[in-house]
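Undergrad: Going by the UniProt record's numbering, 255 is the number at position 255 of the sequence shown; the sequence numbering is gapless. A single structure is presented below for examination.
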Amino acid sequence: MDSSFLQALINYYCQEGYFRHVQTIANEGLKTFGNDPVFLFYHSYGILMEGRIQEALLSLESIKNKQEVSLCTMMAMIYAHKKRPNPDRGVIMDLDAKLKEHRKTVGQEALYFAGLFLWHIGRYEKAREYIDRMIKISNGSKEGWILKGWLDVTSGKEASIKKAGKCFDEGLQNGNDIFALMGKAQYFEARQNYSGALETVNQIIANFPRFLPAFIKKMKLQLALQDWEQSVETAQRLLQKDALNLDALKMEAVHYLCREGNIPEASSRLKDLISALDQLEPQNPPLFCKIALVFSRTCGRNPDILQLTQMLVDRAFSLAPQNADIATELGYQMLFQGKIKEAMKCYKTAMALDETSVPALTGIIRSQLMEGKLDDVEQQLEFLKEVQQSIGISAELSYLRAVLAMKKNKRQEEVITLLNDVLDAHFSSLQGLPLGIEYFEKLNPDFLIEIIKEYLNFCPSQPAGVGQPPSPLLRPCASVLETVMKTVPGLLQAAYLVAKVKYLSGNYEASERILQHCLEQNPSYAEAHLLMAQVHLLQNNFQPCAQSLELCLSYNFQIREHPVYHLVKAQAQIKMGEIAEAIKTLQMAMNLPGMRTSTPSSKSKTIEIDGRDRLSLYLELVEAHRLNGEQHEAVKILQDAINEFSGTSEELRVTITNADLVLMQGDVEAALTMFRNITPEQTYFVQAKEKMAEIYLKYRRDKKLYASCYRDLVEKMPSSHTFLLLGDAYMNIQEPEEAIEAYEQSLKKNPRDGALARKIGNALVKTHNYSKAISYYEAALKTGQQNILCHDLAELLLKLSQYDKAEKVLRQALDHEPVNDLSSLTEDIRYLVLLAKVYSKMERTEDAVFSLQQAREMQAKVLKRIQIEQPDAVPLQKQLAAEICAEIAKHSATQRSYEKAITFYKEALAHCETDNKVMLELARLYLALDEVDACQYQCAALLKNDQDNAAATTMMADLMFKKQDYEQAVLHFQQLLDRHPDNYTTLSRLIDLLRRAGKLEEVPRFLAMAEKHSPRTKLDSGFHYCKGLYLWYIGEPNDALRHFNKARKDNDWGQNAVYNMIEICLNPDNETIGVVLQKSKNQSSWL
């Protein structure tokens, strides 16, 4: 290994903070090149950065007179003295004076290594001064340009980063240089050109296969491209070359934790990583802390992982007991495990070490908030509010303010505004970061889950009723959780919350699929079982609901002390008609500790019961008594609820239930009066107005008053959500023009809402104002915020046969750099599928097939990732893949590429085995190709899935007819007619078959079945055609003519009826020639 190779390794490990690695490589250099002063300096630097200051100073003293490293050695000595607990100012000043004097006369090498040292310790601007001077006196030294490129690319300034590429190109003019190529890769990465960076790294691997940092960089770039499989494969290659490689071990642990959600494997890999750290970086507290940080924030507070991360931070603090940041992180480790008192001690220790530490003070406030010391928290937050103005907005402080506001029962709007600020501040810190270890750390899924839980506190505990929009607060929850699941799909806690949001949004099937995934990963997840019971209950699946409740209880016996368990159980009993049992269940729940504020609190630890859950039990008990005919008991429990919740934020829910009770007794006016008394300042004002509107529409049949409730809502509480409700109300009463106005007002208040813009477009389409709809879509797209509308606009243009315009819109939507995130891929697939439809209409078959092939390739990528990132969407995406393949097959069949068509139909069935349409199309293709056995197999498989499939039954009968097995053909038709007696196409075919089989006497039975099936049968042209056919065949031409005449003007049956009438007139006695002609005609029409 030459000197430049070793120096490139050392520079890489210096930047990564692997200081024992730096010493190891420096020792290799010293063995190879003797007492080379450069390697002696690096060895001393590694010792210094491990905190062994005296040892480093002694080592640096021995090389301070070596010309090439004299300048950087003096700088390192000053840096070392400053790191001492009690720096000697005299010594520092003396060294500083010598440095200033010495740097006037040094050569280019000394300037280069001085710049390199300053870069490693983060002094970019000072380093730039030295390197610029070095480049000047050396007439453009290659090394100088390369280091200047590194300074630019790591500066964090966009203007400097842009210049870095030219510097590296200068450095690479005389051939490959590892340090320059690594810099070029870093430049591409900083410009978010990950493919270009990967290409450069592959060039390094090809030329320098022993340079392991190139493999590490490749692994990280593959992750940035969201290609987990390739990234893990590279990690495994690294471990084959270096069994203790820290980055590869870390990547494997992160993969098992974040991607797979496999806690035992993640825990095992994390232990391996800790063991490797002990051997390779035993004196590196910042590295211990950094590793603990990423795993503790992504593990969903799993105790096994937290035990290991706490051990890492404990070790870091034992090595650096004066480090306030490490003490603060130790506090967070304690907090994640619910050890509030221990966390408080750590935060106070951190404050003693650094009185200005905002993170430590934030930790203290968080602990006090958890202990309920609200007044102390308020004082501390007021102090930090002033500090925050100078240091910028902190997401965590905004979050603590939001939680405090909620605990002090502040208005919902105030708390939600604070929570929105939290998300804005948090996600602004992630902009431009590629997927990787730093992204996981900054994303902090643990913190985001806490925020989502606060949002959900303000969402209804049950899904919205039919026709009502879900709570607008579910939208930010869904958006944040989508980001978390895309990044950390293995985090079950996030998956559970996605299921909860889907459940509250009314998407029960998706919720059930996600919960099923959660329970496959962790069968003892009690909360998931409980939510699954709620999902089953709303779908009226009582047996699975009961099973979920039993499983929930078996895994967590404490759950029986939670009101939601009893509430769900009682609701299931009520739906099954077991009212008395439900009342017993609810009464048992009412006696739970903490259910009544008047009950003295027990000293033993009990589950903290949320006020909403407590009230839900009261209201469910009211409903149970009402259903049981115990009106007096219902009123009594309701009165208890009024007394219990008077003056709380839940008081209005009692009022709304009271109004519902009065309404059920028929007193509409009394119910309306109660709702009118609810004012805009009160929490449930919107729900009250919606109830009023429902009463006006349902009981008074008054559309004007119905709409006026929503207009009043908009006047009193103008917001995007209330205008949306007004628009939906107008759509409900078939007034789309007014709806459009309301939607436009809503969109003004929330211009980024693509769903709202779609509602406006759809409303315009409903009014048949197509030109205005097109203009609206085009204007919205010009803003650049409504790309979701591209598909709608193109679809409308296709509908209006404006194919060129539709193609242009879709081409523009697809004209962008290659994308790799799931949502963009699925959007592009939708565009490509629609573009194929446009090309089909334009009769550009080859272009249509090419678009579908592109969609198919993208869909393959989506299917590969969706199973982990969005398991609930797998069936839908498989169905889409099947549809794409089926479309390609149809085009192939049209172009007479039958083998290709069969291949794609089979691929479609591989995605979706039970797709009846595809099976039928494949069967028809086999029939057209005269592959009778293959056709029969497909039909049999299709009929196994769908016994009532008329097309498959008819085809099966055709096959039997081809095989001259008339009895089997007749049997298939009979089975179909037994289920659908009015299927006259099948009946006409059966009459012809029975004639051939000599069994015309069986026909009257089927005609009678058709007559009994519907009173309108005798008016149906199909029936008259079939009866005419039968009468003709049994030798009654006059009666046959009468029935054919009744069918001759029908679009479906008219042509054949007239043809048969002509036949009868030409050959009334039905002699042989007529039979032959009829047979010929029927055979041609069949086949």
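Just so you know, even glycine gets a beta-carbon here, dropped at the ideal spot from N, CA and C.
Can you tell me which of 338, 347 and 312 puts its alpha carbon nearest to the alpha carbon of residue 324?
TA: Translated into positions along the sequence shown, residue 324 becomes position 324. Checking every option, the nearest Cα to that of residue 324 belongs to 347.
Undergrad: Could you check the C-alpha separation between residue 979 and residue 1005 for me, to the nearest Å?
TA: As a working mapping, residue 979 is identified with position 979 in the sequence shown. As a working mapping, residue 1005 is identified with position 1005 in the sequence shown. So the two alpha carbons sit approximately 14 Å from each other.
Undergrad: By how many angstroms is the C-alpha of residue 764 removed from the C-alpha of residue 700?
TA: Here residue 700 refers to the residue found at position 700 when the sequence shown is read from its first residue. Here residue 764 refers to the residue found at position 764 when the sequence shown is read from its first residue. The straight-line gap from Cα to Cα measures roughly 30 Å.
Undergrad: Since residue 70 contacts residue 102 with CB under 8 Å, what's their CB separation in whole angstroms?
TA: What you label residue 70 is simply residue 70 of the sequence shown in a count that begins at 1. What you label residue 102 is simply residue 102 of the sequence shown in a count that begins at 1. About 7 Å separates the two Cβ atoms, so the contact holds.
Undergrad: Alpha carbon to alpha carbon, what distance is there between residue 123 and residue 168?
TA: Position 168 of the sequence shown, counted from the first residue, corresponds to residue 168. Position 123 of the sequence shown, counted from the first residue, corresponds to residue 123. If you take the alpha carbons of residue 168 and residue 123, they lie about 20 Å apart.
Undergrad: Ignore the nearest five residues each way along the sequence and tell me which others in residue 140's own chain have a CB closer than 8 Å to its CB.
TA: Counting from one through the sequence shown, the residue named residue 140 turns up at place 140. So the list reads 170, once near-sequence residues are dropped.
Undergrad: Near residue 430, which residues of its chain fall below 8 Å by C-beta distance, leaving aside the five closest residues on each side in sequence?
TA: The sequence position of residue 430 within the sequence shown is 430, counting from 1. If we look at residue 430 and ignore the five residues flanking it on each side, its Cβ neighbours are 439, 442 and 443.
Undergrad: Restricting to Cα atoms, I'd like to know which of 708, 243 and 163 is closest to residue 280.
TA: In the sequence shown, counting from the first residue as 1, residue 280 sits at position 280. Ranking the options by Cα distance to residue 280, first place goes to 243.
Undergrad: Indicate whether residue 333 and residue 292 have their beta-carbon atoms separated by less than 8 Å.
TA: Position 333 of the sequence shown, counted from the first residue, corresponds to residue 333. Position 292 of the sequence shown, counted from the first residue, corresponds to residue 292. A contact, by the Cβ cut-off of 8 Å.
Undergrad: Taking only runs that begin and end inside the stretch 125 to 177, name each unbroken beta strand (DSSP E) of 3 or more residues, in chain order.
TA: Correct list: empty.
Undergrad: Within its chain, find whatever has a CB closer than 6 Å to the CB of residue 208; leave out the 5 residues flanking it on each side and keep chain order.
TA: As a first step, residue 208 must be located in the sequence shown, where it is residue number 208. Cβ within range, chain order: 178.
Undergrad: Pick out whichever of 20, 1023, 357 and 485 has its Cα sitting closest to the Cα of residue 52.
TA: Residue 52 sits at position 52 when you count from the first residue of the sequence shown. Nearest option by C-alpha distance: 20.
Undergrad: Ordered along the chain, which non-local residues of its own chain (more than five positions away) have a Cβ less than 7 Å from that of residue 986?
TA: Position 986 of the sequence shown, counted from the start, is the residue given in the question as residue 986. Around residue 986: 950, 954, 973, 976 and 977.
Undergrad: Under 8 Å: do the stretch 179 to 196 and the stretch 151 to 169 share three or more Cβ pairs, one atom per stretch?
TA: With the cut-off at 8 Å, the stretch 179 to 196 and the stretch 151 to 169 touch.
Undergrad: Sort 680, 678, 720 and 729 by Cα distance to residue 696 and report the nearest one.
TA: Mapped onto the sequence shown, residue 696 falls at position 696. For the residues 680, 678, 720 and 729, the minimum Cα distance to residue 696 belongs to 729.
Undergrad: When the Cα atoms are used, what is the spatial distance from residue 261 to residue 922?
TA: As a position in the sequence shown, residue 261 is number 261, starting the count at 1. As a position in the sequence shown, residue 922 is number 922, starting the count at 1. Between residue 261 and residue 922, the C-alpha separation is close to 40 Å.
Undergrad: State the DSSP-derived secondary structure class of residue 841, mapped to helix, strand or coil.
TA: As a working mapping, residue 841 is identified with position 841 in the sequence shown. DSSP places residue 841 in helix when its eight states are reduced to three.
Undergrad: Leaving out the 5 sequence neighbours to the left and right, which residues in its chain are closer than 8 Å to residue 605 when beta-carbon positions are compared?
TA: Locating residue 605 in the sequence shown gives position 605, counting from the first residue. Since pLDDT at residue 605 reaches only 41, below the 50 mark, its modelled position is unreliable, and the value read off the structure follows with that caveat. Taken in chain order, the list of residues that qualify is empty.
Undergrad: Measuring alpha carbon to alpha carbon, tell me which residue in 158, 153, 106 and 165 is nearest residue 138.
TA: Indexing the sequence shown from 1 puts residue 138 at position 138. For the residues 158, 153, 106 and 165, the minimum Cα distance to residue 138 belongs to 106.
Undergrad: May I ask you to report which of helix, strand or coil DSSP gives residue 488?
TA: Position 488 of the sequence shown, counting from 1, holds the residue named residue 488. Here residue 488 sits in coil by DSSP.
Undergrad: Under 8 Å by Cβ, that's how I've got residue 401 and residue 381 pegged, so tell me the actual separation to the nearest angstrom.
TA: Locating residue 401 in the sequence shown gives position 401, counting from the first residue. Locating residue 381 in the sequence shown gives position 381, counting from the first residue. 6 Å between Cβ atoms; contact.
Undergrad: Using three-state DSSP, classify residue 470 as helix, strand or coil.
TA: By one-based count along the sequence shown, residue 470 stands at place 470. Residue 470: coil per DSSP, three-state reduction.
Undergrad: Mapping DSSP to helix, strand and coil, what is residue 373?
TA: Along the sequence shown, one-based indexing puts residue 373 at 373. Residue state, collapsed to three classes: coil.
Undergrad: Just verifying my parser: in three-state terms, what is the DSSP assignment at residue 18?
TA: Translated into the one-based positions of the sequence shown, residue 18 becomes position 18. Note: residue 18 maps to coil in three-state DSSP.
Undergrad: Return the residue from the list 463, 801 and 857 that minimises the CA-CA distance to residue 842.
TA: Stepping through the sequence shown from its first residue, residue 842 is reached at position 842. Among 463, 801 and 857, the Cα nearest to that of residue 842 belongs to 801.
Undergrad: For residue 283, which of helix, strand or coil comes out of DSSP?
TA: In the sequence shown, residue 283 corresponds to position 283, counting from 1. In this structure, residue 283 counts as coil in the three-state DSSP scheme.
Undergrad: Quick check on residue 600: buried or exposed, where buried means 16 or more other Cβ atoms within 10 Å of its Cβ?
TA: In the sequence shown, residue 600 corresponds to position 600, counting from 1. At residue 600 the pLDDT is 42, less than 50, meaning the model places this residue with poor confidence and gives no usable figure here.
Undergrad: How many angstroms separate the CA atom of residue 193 from the CA atom of residue 487?
TA: As a working mapping, residue 193 is identified with position 193 in the sequence shown. As a working mapping, residue 487 is identified with position 487 in the sequence shown. Distance between the alpha carbons of residue 193 and residue 487: 20 Å.
Undergrad: Consult DSSP for residue 1060 and reduce its assignment to one of helix, strand or coil.
TA: In the sequence shown, residue 1060 corresponds to position 1060, counting from 1. The answer is helix: DSSP assigns residue 1060 an H, G or I state.
Undergrad: Quick one: using the 10 Å Cβ neighbour count with 16 as the cut-off for buried, is residue 540 buried or exposed?
TA: Working through the sequence shown from its first residue, we reach residue 540 at position 540. Residue 540 comes out exposed.
Undergrad: Is it true that the CB of residue 378 sits closer than 8 Å to the CB of residue 404?
TA: Numbered from its first residue, the sequence shown carries residue 404 at position 404. Numbered from its first residue, the sequence shown carries residue 378 at position 378. Yes, Cβ-Cβ distance for residue 404 and residue 378 is below 8 Å.
Undergrad: Alpha helix (DSSP H) containing residue 406: first to last residue?
TA: In the sequence shown, counting from the first residue as 1, residue 406 sits at position 406. Start and end: 395 to 407.
Undergrad: Go ahead and pull the three-state DSSP assignment for residue 817.
TA: In the sequence shown, residue 817 corresponds to position 817, counting from 1. Residue 817: coil per DSSP, three-state reduction.
Undergrad: Of the choices 126, 835 and 445, whose alpha-carbon is the least far from that of residue 299?
TA: For the purposes of this step, residue 299 is taken as residue 299 along the sequence shown, with counting starting at 1. For residue 299, the nearest C-alpha among the options comes from 445.
Undergrad: Starting from residue 578, trace the alpha helix (DSSP H) in both directions and tell me its first and last residue.
TA: As a position in the sequence shown, residue 578 is number 578, starting the count at 1. Premise fails: residue 578 is in no alpha helix (DSSP H) and is neither H nor E.
Undergrad: Which residue comes first and which comes last in the alpha helix (DSSP H) that contains residue 548?
TA: Here residue 548 corresponds to residue number 548 of the sequence shown, with the count starting at 1. 542 to 555 is the extent of the alpha helix (DSSP H) around residue 548.
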